[in-house]
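Just below is one structure, and these are the notes that go with it.
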Amino acid sequence: MEKTRQRGWWYPYIFVGAFLVVIGVNATLAYFATSTFTGLAETDAYEKGRLYNRALEAAKAQADMGWTVDTKLKPVAGVQPGVDIDIAYKDRDGKPVEGLAVTASVIRPTLGGFDHQITLAPLGGGRYGGHYDLPLNGVWDLEMAALGEGVSYQHSQRIVVP
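Residue numbers (this note's numbering): 6 to 167.
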C-alpha cells in the first residue's frame, strides 16, 4: 500500500520561508543602517541652543545693514570636480563693499572628513571669488563669511556637483 501525504503538509514550509525572507530583509536593512551613514551630529548642541538668542541678534543686525549679496556658484564636473565661486557684496546704497576678508567653509553634509575652509580672493568691484577643487562629486554646503572693519556678513548655499 502506498503511503499518501496528508493534505497541506507543505503549509508549515510557507511560514518558515516567509519568516526567513522577513529576517533576511531586516538583517540587510540593519546592516546598511549601521554601516553606511556616519551619523554626523552636533557635538555641542547644548551650547548652540544656549547661545541661540545671540545668533538671532546677529541675524537681525545683519539684516539691518541692508547689504545685498549676489552669489554665483558654478559646479564644475570632470576628472577633478570643483566649484567656481563669485560673490558680489553691495551696501544699502548699492555701492560695492571693498576690503572684506571673505572665507568659505566647504562642507560635505553626509560624510565627515572632507570639510575645508578656503579664502576667497578680491576680484575688484566688491567681488570675491576663486576656483576650488572638491574631493568628491555630490552635495556640498558652502558657508560664506565676510569680515570687515566692525562688520560681519554670513550666508550659505547648497550646490550639487555632477
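Where a beta carbon is used, it is the ideal one built from N, C-alpha and C, also for glycine.
Name the one or two DSSP bridge partners that residue i has.
{"i": "Gly143", "result": "Val166"}
{"i": "Ser161", "result": "Glu148"}
{"i": "Gln95", "result": "For the record, residue 95 in the displayed sequence is Lys; it is not Gln. Answer by DSSP bridge pairing, in chain order: Thr73 and Pro101."}
{"i": "Tyr137", "result": "Val88"}
{"i": "Arg132", "result": "Ala93 and Gly129"}
{"i": "Val181", "result": "Because the chain in this structure spans residues 6 to 167, residue 181 falls outside the shown range and cannot be described."}
Please work out which residues of its chain come closer than 6 Å, Cβ to Cβ, to residue i, disregarding the five sequence neighbours upstream and downstream, and give them in chain order.
{"i": "Ile123", "result": "Ala109 and Tyr137"}
{"i": "Arg97", "result": "Gly71"}
For residue i and residue j, I'd like the C-alpha separation in whole angstroms.
{"i": "Gln67", "j": "Ala38", "result": "40 Å"}
{"i": "Asn58", "j": "Gly130", "result": "34 Å"}
{"i": "Ala93", "j": "Arg163", "result": "17 Å"}
{"i": "Pro127", "j": "Thr33", "result": "51 Å"}
{"i": "Gly54", "j": "Leu78", "result": "31 Å"}
{"i": "Asp75", "j": "Leu116", "result": "28 Å"}
{"i": "Asp146", "j": "Tyr16", "result": "55 Å"}
{"i": "Ala23", "j": "Asn31", "result": "12 Å"}
{"i": "Leu105", "j": "Thr41", "result": "40 Å"}
{"i": "Lys8", "j": "Tyr18", "result": "21 Å"}
{"i": "Tyr36", "j": "Val26", "result": "15 Å"}
{"i": "Tyr158", "j": "Ala150", "result": "6 Å"}
{"i": "His160", "j": "Glu148", "result": "6 Å"}
What residues in its chain sit with their C-beta under 7 Å from that of residue i, if we drop five residues either side in the sequence?
{"i": "Thr73", "result": "Lys95"}
{"i": "Leu152", "result": "Leu105 and Ala106"}
{"i": "Glu47", "result": "Lys53"}
{"i": "Trp14", "result": "none"}
To which residues of the same chain is residue i closer than 8 Å at the C-beta, ignoring the five residues directly before and after it?
{"i": "Val81", "result": "Gly87, Val88, Asp89, His136 and Val166"}
Under the assumption that residue i contacts residue j (Cβ atoms under 8 Å), give the Cβ distance between them as a whole number of angstroms.
{"i": "Val134", "j": "Leu125", "result": "First, the residue type needs correcting, since residue 134 is Gly and not Val in the sequence shown. At roughly 6 Å, the Cβ-Cβ gap stays under 8 Å, so Gly134 and Leu125 are in contact."}
Whole alpha helix (DSSP H) elements within the region 20 to 79, 4-residue minimum = 50 to 55 and 57 to 70
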